[in-house]
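Have a look at the structure below before the remarks.
There are 4 protein chains.
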Amino acid sequence: MCGIIGVFGTDDSLKNTILGLHALQHRGQEGIGVAWTDGQKIYCEKRLGYVSEFAKTFKLTQSPISVGHLRYSTTGKSEKNNLQPIVVNGIDLKIAICHNGNLTNFFSLRKSLEEEGAVFTSEMDTEVIAHLIMKAKGDIISRLKFALSKVKGAFSLIIMTPSALIAVRDSLGFRPLCLGRLKNAYVVASETCALDIIGAEFIREIEQGEILLISKEGIKSEMLEKPKIKRECIFELIYFARPDSHIFSRDVWLVRKELGKMLAIEQPADADIVIPVPDSGLFAAIGYSEQSGIPFSYGLVRSHYIGRTFIEPSSQERASDVRIKLNPIKSVIKGKRIVLIDDSIVRGTTSRKIVKMLKEAGAKEIHMRISSPPIKFPCYYGIDTPSKGELIASSHSVEQIKNFIGCDSLGYLSVEGMLKVVGDFYENGGFCTACFTGNYPIPPEDAEFISQLRLFRDY
Amino acid sequence: MCGIIGVFGTDDSLKNTILGLHALQHRGQEGIGVAWTDGQKIYCEKRLGYVSEFAKTFKLTQSPISVGHLRYSTTGKSEKNNLQPIVVNGIDLKIAICHNGNLTNFFSLRKSLEEEGAVFTSEMDTEVIAHLIMKAKGDIISRLKFALSKVKGAFSLIIMTPSALIAVRDSLGFRPLCLGRLKNAYVVASETCALDIIGAEFIREIEQGEILLISKEGIKSEMLEKPKIKRECIFELIYFARPDSHIFSRDVWLVRKELGKMLAIEQPADADIVIPVPDSGLFAAIGYSEQSGIPFSYGLVRSHYIGRTFIEPSSQERASDVRIKLNPIKSVIKGKRIVLIDDSIVRGTTSRKIVKMLKEAGAKEIHMRISSPPIKFPCYYGIDTPSKGELIASSHSVEQIKNFIGCDSLGYLSVEGMLKVVGDFYENGGFCTACFTGNYPIPPEDAEFISQLRLFRDY
Amino acid sequence: MCGIIGVFGTDDSLKNTILGLHALQHRGQEGIGVAWTDGQKIYCEKRLGYVSEFAKTFKLTQSPISVGHLRYSTTGKSEKNNLQPIVVNGIDLKIAICHNGNLTNFFSLRKSLEEEGAVFTSEMDTEVIAHLIMKAKGDIISRLKFALSKVKGAFSLIIMTPSALIAVRDSLGFRPLCLGRLKNAYVVASETCALDIIGAEFIREIEQGEILLISKEGIKSEMLEKPKIKRECIFELIYFARPDSHIFSRDVWLVRKELGKMLAIEQPADADIVIPVPDSGLFAAIGYSEQSGIPFSYGLVRSHYIGRTFIEPSSQERASDVRIKLNPIKSVIKGKRIVLIDDSIVRGTTSRKIVKMLKEAGAKEIHMRISSPPIKFPCYYGIDTPSKGELIASSHSVEQIKNFIGCDSLGYLSVEGMLKVVGDFYENGGFCTACFTGNYPIPPEDAEFISQLRLFRDY
Amino acid sequence: MCGIIGVFGTDDSLKNTILGLHALQHRGQEGIGVAWTDGQKIYCEKRLGYVSEFAKTFKLTQSPISVGHLRYSTTGKSEKNNLQPIVVNGIDLKIAICHNGNLTNFFSLRKSLEEEGAVFTSEMDTEVIAHLIMKAKGDIISRLKFALSKVKGAFSLIIMTPSALIAVRDSLGFRPLCLGRLKNAYVVASETCALDIIGAEFIREIEQGEILLISKEGIKSEMLEKPKIKRECIFELIYFARPDSHIFSRDVWLVRKELGKMLAIEQPADADIVIPVPDSGLFAAIGYSEQSGIPFSYGLVRSHYIGRTFIEPSSQERASDVRIKLNPIKSVIKGKRIVLIDDSIVRGTTSRKIVKMLKEAGAKEIHMRISSPPIKFPCYYGIDTPSKGELIASSHSVEQIKNFIGCDSLGYLSVEGMLKVVGDFYENGGFCTACFTGNYPIPPEDAEFISQLRLFRDY
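Protein chains in written order, with our numbering: chain A, 108 to 566; chain B, 108 to 566; chain C, 108 to 566; chain D, 108 to 566.
Here it is as structure tokens:
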């Protein structure tokens with residue numbers, strides 16, 4: 108749950124990096140960091156808070172290359188010390204590293220590096236990559252290959268040196284990463300919406316296992332290793348990416364609308380209107396309405412003045428957020444049998460509050476429909492789902508969840524239906540569905556992995 | 108263009124006031140002010156910025172009565188000195204005043220008060236009301252009647268003393284004001300969405316010309332004068348109020364949807380999809396789609412991390428805002444003939460940028476449809492439209508506007524169609540349509556009024 | 108206890124005003140305000156905190172005239188709303204007013220103005236002056252004469268209009284005010300140290316009862332009324348003014364040194380060293396040492412990183428301040444019989460802590476000597492002494508104070524000795540000694556005056 | 108030029124650490140850092156700015172051990188990234204390191220560590236120590252001995268682990284470090300003034316080459332190596348330490364007074380008064396006056412509202428600082444032949460401005476006397492003197508400096524006189540006098556040392 112971007116080949120690279128981060132804000136709201144260069148050294152500024160706040164007071168400078176990062180903590184407490192990019196101004200090599208993903212062998216790597224005397228100054232798994240790169244010999248590509256041969260897990264990386272921009276995607280391709288062009292400059296970013304805001308043209312996605320080096324000599328592509336299978340994160344399509352982005356060769360909004368159609372087929376409802384939980388359920392609701400013929404309506408108004416529920420830190424804040432974020436329109440709701448569409452249920456507490464609000468506003472029946480299967484397993488690859496104990500579907504049946512939420516009926520999309528929509532309906536297919544199925548493409552290193560992860564996450 | 112609220116009868120009045128202001132944030136984003144009491148004196152805190160920022164650091168205290176105000180400058184520069192409530196801790200009378208509207212004889216009143224030695228410390232027309240109240244004799248109702256018999260123009264007022272809460276609406280009823288109940292407490296607010304967020308129940312709207320006094324003795328209602336006609340601001344329904352509010356006896360969202368239907372009848376288009384300019388055109392687009400049978404789609408994604416275009420101060424900021432606020436979804440747009448729905452066109456510059464973005468995203472044709480008539484005249488009653496010279500429709504024909512904006516066709520709703528929708532199709536009807544028709548219910552006092560208004564607005 | 112300054116006749120007036128306020132910082136540390144003009148209107152910026160903080164972020168602009176004010180609250184709570192200058196941009200008259208002093212009939216004046224409908228927005232007595240000026244007719248001089256004929260008490264005023272700078276001193280001349288020249292520009296300020304920092308040359312002091320008008324036509328002097336006696340505040344010389352200033356025709360440092368000599372004559376001590384409480388007792392200690400022949404030494408080191416004890420708001424803060432502000436040098440102190448010199452004792456709590464520290468550091472005997480008489484009466488003219496109940500000398504004998512403080516002997520300078528030093532040893536002489544003698548030059552209006560003063564001060 | 112402190116054995120350790128840092132503020136004004144522990148991990152907070160600012164908003168927590176650091180940059184740019192303590196929460200060892208001094212082989216150590224893959228995240232030489240400690244094996248003492256056997260230069264260190272506090276002084280003893288007791292708790296700090304503010308009792312200084320380990324088992328002392336000679340920084344006594352501190356077995360104030368007496372013997376002057384440059388020349392001036400019989404006076408008043416000239420970063424700021432910091436008292440100065448005493452001259456620019464001010468104030472003659480020899484050589488051991496090119500005495504004769512400064516005569520104390528005062532008049536004596544004599548106790552490693560130092564200092 109991070110957003111990354113890099114720009115090469117224009118003096119405005121830093122400005123464009125910040126604009127791009129603004130478009131990627133939904134991927135991380137805890138803090139922002141940018142790095143730039145004067146051709147000699149790499150400079151860096153990191154701050155907690157939103158991009159728009161950052162941009163108000165940050166002093167832009169010209170730089171031929173820049174990278175940027177938005178953070179939501181997957182490992183490590185939310186604090187300034189854990190923001191990226193990680194910058195190392197070594198005597199021989201100067202780099203800034205931006206990472207989206209999560210390393211599954213971080214703990215053991217850090218331990219063995221420390222035993223050799225390494226000094227870690229943050230709790231970020233990305234710092235392990237920095238150490239391995241500095242330890243390696245040779246040119247930057249050789250160093251990267253060495254370092255990335257040691258780590259396991261999910262990583263989309265954007266790295267800059269004073270003269271080059273490098274983009275890497277792990278061999279399973281968990282996280283998205285795309286390439287664009289803006290006149291003579293190149294842009295790499297988590298999602299295409301970051302290209303759009305800059306006015307850059309989309310070229311292609313970075314391949315799974317690809318290392319892309321952009322320098323004055325042009326673009327050079329190498330492979331980390333021969334990838335056998337692909338495991339792109341299906342939750343990016345369902346929830347995380349922006350609807351106007353194009354990732355994993357698919358239009359996000361269209362996938363969501365089609366999921367809504369499939370949901371209408373699998374989980375029909377006898378109702379008067381279809382309303383989305385804004386904005387997460389919007390496209391699925393449009394699809395559900397189209398397929399079912401039940402009129403689409405807007406029954407919940409969202410305040411423009413606050414951020415996204417799911418990725419806010421403390422559960423107390425979440426509680427009041429629902430109330431101050433969404434307001435039901437009584438005259439839409441009153442006396443109606445409602446199909447309420449959302450993309451997923453995590454803890455169930457937000458859905459419960461929404462259903463309660465709608466009932467108080469006079470809804471006659473509420474048929475909740477979810478355009479993805481129940482989330483039963485935590486993600487080890489960078490989506491900050493809570494631990495298994497907090498995922499309501501890992502310990503409750505659909506019937507029990509329905510009762511907890513208080514709706515009149517509850518229907519989830521099936522795993523099969525979901526995979527049919529994304530066109531990937533076979534065992535060795537291209538998507539990671541671990542959060543729904545428990546089929547982890549990279550199994551936890553050992554029995555302690557999860558608890559270690561939590562250990563680092565919690566202090 | 109202000110939002111006001113007052114709460115009486117609960118120790119949490121201040122907390123509820125701030126929550127209510129959060130729901131009214133769309134009515135003013137420059138600054139917030141709240142007042143409260145310890146039963147003796149009235150205290151006040153005012154700050155530039157958003158309610159959510161204010162709430163982060165403001166220290167709540169208990170108070171039986173509180174009032175709050177959100178400001179966008181209609182007269183006077185955007186500065187802290189011009190925030191409300193205006194608080195006067197006189198030896199005999201202590202009051203806090205919150206005003207939504209605009210006084211048309213402010214300048215001459217201030218001048219004559221100054222000639223008598225009055226000291227004005229702000230540029231707000233509301234300060235004139237404070238002076239007149241302090242000048243008057245008798246109880247607060249007598250004082251208010253005296254003061255309000257002197258002023259002309261639009262005013263919805265919420266006033267507190269250490270023991271009472273008072274709500275007033277001018278005799279023509281330009282601005283909305285409603286009454287709600289929360290257990291034993293009362294709430295008055297600009298719109299019902301502020302009642303909803305608190306959990307208060309809507310009772311009724313304050314009548315035109317009504318003075319409502321809420322005290323320990325209960326509610327007492329008096330009239331300023333016998334109102335003859337009603338002139339509620341139709342632009343509140345079209346653009347300004349929140350869609351989930353109920354004002355002027357109407358559901359805002361429903362009026363907008365019906366305006367969209369009427370627009371589809373008056374201004375049909377041969378197209379593949381209907382898309383709204385989010386969020387202002389949303390309900391009209393749903394209505395247009397329903398009426399025309401052209402599928403509704405979502406082709407512009409709005410960033411959640413910035414506020415509302417129309418009421419941001421400087422035109423430079425507006426320019427870049429469009430780009431960083433809206434992103435077209437290419438795969439929705441590409442090759443399509445589009446009906447683009449918005450609620451109004453002010454300067455035309457934003458529409459122009461949106462059309463340009465959509466064309467660049469591959470739109471085949473763009474048929475822009477506006478769910479209100481052309482805005483040709485400035486508002487003197489509290490909506491901060493720019494001066495006549497900047498209103499594109501005051502000097503350009505629809506054909507010329509179409510060319511400026513760059514769309515393939517442009518159609519506005521007619522005044523008649525609009526009035527038919529709001530059910531008010533006769534000369535002495537209840538709505539002020541001055542911005543569309545130039546029929547000002549209260550004519551400017553003299554030839555200098557407008558320039559005086561601008562004079563105060565511009566330094 | 109305020110510092111005021113005005114500059115006329117240079118585009119750098121605002122910069123010089125701020126520099127001058129920095130030199131006057133000892134006169135008020137709660138907040139700063141400056142006003143300037145574009146020739147049409149008067150602009151103003153006020154902030155709580157120090158001048159050095161203010162200067163960091165305040166954006167300088169060019170202005171031909173500027174005024175500035177430093178505040179320590181004499182009436183009214185410490186809050187931003189009570190900072191000066193008071194600016195009124197009336198239609199006919201635009202002025203900014205800076206006031207040092209205290210009006211003794213403020214309460215009754217405000218009351219009668221309010222009865223006529225006046226609106227007060229602060230708790231400052233200065234606002235009464237603003238109202239009276241706006242009420243008056245004629246040119247600014249006539250208006251001032253009218254306004255100042257109504258007020259009683261102490262006032263040194265610096266007032267600006269968009270075209271003139273005015274300096275006024277009340278007829279008894281309580282507070283200092285001086286005139287200087289900087290090339291073609293004029294400066295008026297509370298003390299000459301503000302002239303020095305700008306590089307301005309001292310011309311003369313404003314006379315008691317004088318109104319000085321500086322405009323493009325040059326300097327014009329008028330008198331408020333024929334002054335009969337002079338009552339300059341002797342406490343300015345003893346404690347409040349900066350030692351490098353020249354006020355009331357005297358060098359402050361020299362008066363203090365001479366007070367120390369007189370103290371040595373009146374209150375000799377058998378001791379090894381003389382040490383000052385830094386910095387307040389410095390010059391008196393030098394004088395005491397010279398006169399007595401007991402060697403001067405430095406036994407208490409003062410931290411450079413905090414402000415002045417006496418004028419910090421809360422008593423809790425004062426407590427810890429003593430400890431973190433002064434450190435005894437053990438090797439100077441140990442085994443010594445010490446004459447400890449300070450300029451005054453207010454509550455006695457600070458002296459007590461200092462004596463305790465010195466005893467703990469090994470002092471054999473401590474003979475405390477105070478270079479002024481016991482302060483027994485509160486000041487009504489602008490020095491923020493605490494109420495009578497808190498002034499230790501108003502209810503305790505010298506012997507009792509000695510016991511409270513814990514020193515081995517305690518000696519105050521006599522009123523006669525003090526007056527002899529300042530050369531003013533007769534009944535109708537030029538100094539106000541009310542805080543020592545209770546001889547108030549302007550008696551409190553009526554029995555309620557003091558309590559009213561406190562009333563305003565305390566909420 | 109840093110201040111360090113550590114407290115062990117009281118839950119209030121963090122509060123006492125911050126109080127102590129306040130007393131040490133003169134040793135570094137760029138930034139502050141503190142570290143504390145919950146017995147498991149070490150936590151840290153670092154901020155640019157003053158201790159008093161830090162204390163306003165820092166949330167105190169209870170911790171049995173704490174350390175603190177004040178920074179003025181000797182290597183590395185003034186930025187938050189270069190503040191200390193350096194905290195490493197390694198899996199096996201968790202430490203926080205505070206360093207006062209400067210390592211002369213930092214550059215080559217960092218280079219060889221980087222060649223082994225070490226990642227440096229700051230430009231501080233102290234980070235080398237952290238790396239070496241983490242690389243070493245065994246208990247903390249063994250690790251420290253290993254690490255400190257590699258580094259050369261000046262280091263007084265205070266280190267904490269979650270269960271111990273360690274104090275180390277290098278074998279030559281360049282920088283001071285003392286031990287105190289507060290009931291059952293121990294305090295180690297740069298100077299005794301930090302003990303005083305806490306109320307701790309001075310026990311002894313840490314020996315040169317001593318490692319002191321304070322834990323629940325009590326105090327344990329070991330030696331790094333057998334020290335042969337001592338080289339305590341004489342400039343600490345002359346200028347840097349606070350006058351109320353006791354360091355290097357001497358009372359700082361007394362050394363300064365005696366230096367003033369010796370100066371009067373070596374460099375007599377025919378004059379009317381002796382005045383110090385406050386506060387640096389205060390005690391020397393008292394000594395000069397006592398010895399010469401010329402009366403001591405106070406002719407320059409220092410503003411309380413700004414910090415110390417010498418250690419402010421940019422030369423532009425220094426320029427205006429002189430003017431806004433010191434004001435001559437004309438009536439003391441005018442027509443007088445003045446002996447002006449200061450402790451040292453670095454660039455000469457400040458002295459020049461002071462002499463100019465005094466001349467403008469009417470001084471008849473100014474005889475400048477400096478209570479130390481000319482500073483001709485940069486310091487490599489932690490005093491941030493400018494490079495040789497900027498030290499006026501490295502390229503100018505006393506006569507030339509006199510002419511530059513504009514005084515009538517100029518006299519420095521001789522090296523012999525200075526050493527006589529500190530009782531250390533022989534070749535192998537105990538003080539480092541390199542800045543005066545060029546006799547560097549630890550010669551720069553190689554020809555590039557100085558330029559490397561500057562390289563790191565300048566970017």
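Glycine included, C-beta positions come from ideal geometry on N, C-alpha and C. Remember, predicted model here, so these are calculated numbers, not experimental data.
What residues from chain C crowd round residue i, counting only those whose CB sits closer than 8 Å?
i: D:Thr143; result: The question names Thr, yet the displayed sequence has Trp at residue 143 of chain D. The contacting residues do not exist; D:Trp143 stays about 20 Å from chain C at best.
i: D:Tyr405; result: Pro350, Trp360, Leu389, Phe390 and Ile393
Where does residue i fall in DSSP's three states?
i: D:Ile508; result: helix
i: A:Cys109; result: strand
i: C:Tyr346; result: helix
i: B:Asp351; result: coil
i: B:Leu126; result: helix
Taking the alpha-carbon of residue i as reference, which of the options has the nearest alpha-carbon?
i: B:Tyr293; options: B:Cys514, B:Lys335, B:Cys300 and B:Ile112; result: B:Ile112
i: C:Gly496; options: C:Ile240, C:Val505, C:Gln507 and C:Phe484; result: C:Phe484
i: B:Gly280; options: B:Glu506, B:Leu370, B:Ser215 and B:Leu264; result: B:Leu264
i: C:Cys340; options: C:Phe543, C:Thr124, C:Ile125 and C:Pro550; result: C:Phe543
i: D:Gln55; options: D:Leu200, D:Leu517 and D:Ala500; result: Shown here, chain D extends from 108 to 566; a query on residue 55 of chain D therefore has no answer.
Identify the continuous beta strand (DSSP E) that holds residue i and give its terminal residues.
i: B:Met369; result: Counting along the chain, B:Met369 falls outside any beta strand (DSSP E), though it belongs to the alpha helix (DSSP H) covering Val359 to Glu373.
i: A:Leu272; result: Leu272 to Arg276
i: D:Asn567; result: Only positions 108 to 566 of chain D appear in this structure, which leaves residue 567 of chain D out of reach.
i: B:Ala470; result: Element bounds for B:Ala470: n/a, residue is neither H nor E.
For a contact defined as C-beta to C-beta under 9 Å, what are the partners of residue i on chain B?
i: C:Asp199; result: Lys218, Glu221 and Glu222
Which residues in chain D have a C-beta closer than 7 Å to the C-beta of residue i? List them in chain order.
i: A:Lys333; result: Near A:Lys333 there are no residues of chain D at all, since even the closest Cβ is about 28 Å away, more than 7 Å.
Hey, could you find the ends of the alpha helix (DSSP H) residue i is sitting in?
i: C:Ser144; result: Per the sequence shown, the amino acid found at residue 144 of chain C is Thr instead of Ser. Element bounds for C:Thr144: not the alpha helix (DSSP H) but the beta strand (DSSP E), Gly138 to Thr144.
Determine the chain A residues that contact residue i at a beta-carbon separation under 8 Å, and present them in chain order.
i: D:His238; result: Gly224 and Val226
Identify the contact partners of residue i in chain A, using a Cβ-Cβ distance below 9 Å as the criterion.
i: B:Cys568; result: Residue 568 of chain B lies beyond the residue range present for chain B, which begins at 108 and ends at 566; the question has no answer from this structure.
| field | beta strand (DSSP E) runs wholly inside the segment 285-317 of chain A, at least 3 long, in chain order | value | 285-289, 292-296 and 308-312
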